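Each step along the sequence shown adds one to the number in the UniProt record's numbering, with nothing skipped, and position 8 is 8.
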Amino acid sequence: MSRFYYTDSGFVMFLLKALSVNIYLTKERLKVITMESAKVIDVEKQSQIKARQKQMPKKKLTWKIIKQQKLLIIMSIPFVVWLAIFAYTPLLGWIVAFQDYRPQNGFLGSDWVGLQHFTALFNDSLFYRALRNTIGMGGLGLIFGTGTAISFALLLNELRFTRFKKFTQTVSYLPHFVSWVVVANLVTTMLSNTGVVNNILQFLNLTDSPINFMARPDMFWGIVTGAEVWKSTGWNAIIYLAAMTSISEEMYEAAHVDGANRFQKMWHITLPSIKPIIIILMIMSIGNIINIGFERQMLLGNNIVADAAIVIEKYALDYGIGMFRYSFGTAIGIFKSVISIVLIFTFNTIAKKTSDISII
């Protein structure tokens, strides 16, 4: 049966992302080593090497990567097993979406109804509202979350005072471990009529009366996105910082000799160097646009902003398992999975054609 409980698999996904980035960086280092070695060989041997690389480049690179990354691969095995048990085994329950499932009858005793639940899903106007809100908030979170994480990583990378840099990194990681219940209470308090935000606005004469932010449907997406960005920026910046450490210092020294300032170094050296990592992480994150959960919407939302706060997960909870419509809820889960797969493959294809970078 499709799952209606949500486990905190963020750490697992973070490790898998880190492993993918590490494998990509290793592959790039192998390419650089091959190019450097080829410089000392005559032109004839270089052409022979290129011919061999065209014949069997992928197999050799794959085995070299496996040998060099064997410890990381071994470390990832428990998490892969975890995903197999808790993410892929439940897929067998998808047959429920095509049945009029009754717990007392079981899988084999329930009647088959075909696509009836999918038809009911696509004929419900509330579903499209939930889909719009899910994609909207998920897209904003991805765009601003990625942008702020990259910007923060760039700023940290430019810090030369080591102690202050480490302190800032540590402080920026802490919000990731704060419960959404605490974050929601903090945001609600700050945005209340007597909160710090309204006090600042009135002190600067930007408004005559307090603004009830939490009762404004047009502001709800922005509030959720802002809270998400604040909570995850430091944590998401870790991988980008790790990628920046692999950039050769010789490139920065050459740019310094040419008179480049820090901003020019970031724009012309750092960003192009981590571009492949950015694309890889974007591809891996694009599928989660549709899987944003409902915790923050439920904790920050209220009856006044209900139309802007309902997302697919909340819709599945209220109109699926909440009403004992297990088959209908499973149909929603299948729809989410299909959309996620389509998004990942579409973005991967676009990235491969435009930048020759992909994960598949």
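Just so it is clear, CB atoms sit at the ideal spot from N, CA and C, and this is done for glycine as well.
This structure is a prediction, so every number in the text was calculated from the model and none was measured.
Looking at G139, V80, E295, Q169, the one whose alpha-carbon comes closest to that of F152 is Q169.
Between the segment 288-301 and the segment 179-186 there are three or more inter-stretch CB-CB distances shorter than 8 Å, so the stretches are counted as touching. Residue pairing of D356 in beta bridges, as defined by DSSP: absent, with no partner found. Along the length of the segment 270-337, whole alpha helix (DSSP H) runs at least 4 residues long occupy 271-286, 295-300, 306-309, 312-319, reported in chain order. With the rule of 3 Cβ pairs closer than 8 Å, the segment 94-112 counts as touching the segment 324-333. Distance from the CA of A87 to the CA of G93, rounded to the nearest whole angstrom, comes to 11 Å. Three or more Cβ pairs drawn from the segment 209-219 and the segment 189-198 lie within less than 8 Å of each other, which places the two stretches in contact. Runs of the alpha helix (DSSP H) spanning 4 or more residues and lying entirely within the segment 183-230 occur at 196-203, in chain order. Counting the other Cβ atoms within 10 Å of the Cβ of H117 gives 16 or more, which makes it buried.
Taking the Cβ atoms as the reference, M251 lies roughly 5 Å from I269, within the contact range of under 8 Å. With fewer than 16 other beta carbons inside 10 angstroms of its own, Y128 counts as exposed. Within its own chain, the residues whose Cβ lies closer than 8 Å to the Cβ of L115, once the five positions on either side in sequence are excluded, are F98, listed in chain order. Taking the Cβ atoms as the reference, L156 lies roughly 6 Å from L241, within the contact range of under 8 Å. Closest in alpha carbon position to I247, among I223, V224, P276, T225, is P276. Straight-line measurement puts the Cα of V311 at about 33 Å from the Cα of I274. Contact between T233 and S285 does not hold, since the beta-carbon distance rounds to 14 Å and is not under 8 Å. In this structure, M137 sits near V224, with a CB-CB distance shorter than 7 Å. Looking at the DSSP output, Q99 shares a beta bridge with W112. Take the alpha-carbon of N236 and the one of F107: they are about 41 Å apart. Annotated three-state conformation of L159 is coil, per DSSP. By the neighbour-count criterion, in which 16 or more other beta carbons inside 10 Å mark a residue as buried, E249 falls on the exposed side. In this structure, A331 keeps its C-beta atom at 7 Å or more from the C-beta atom of L126. When DSSP states are grouped into helix, strand and coil, I247 belongs to the coil group. Minimum Cα-Cα distance from W230 among the listed residues T354, A84, P103, T148 corresponds to T148. Taking the Cα positions, V187 is about 46 Å away from Q68.
Counting every other CB atom within 10 Å of its CB across the protein chains shown gives E253 a total below 16, marking it as exposed. Within the model, the alpha-carbon separation for F347 versus A243 is close to 22 Å. In its chain, beyond the 5 residues on either side, Y252, A255 have a beta carbon closer than 7 Å to the beta carbon of K265. The three-state reading of DSSP puts G139 in helix, counting H, G and I together. For T62, the number of other beta carbons within 10 angstroms of its own is below 16, and it is reported as exposed.
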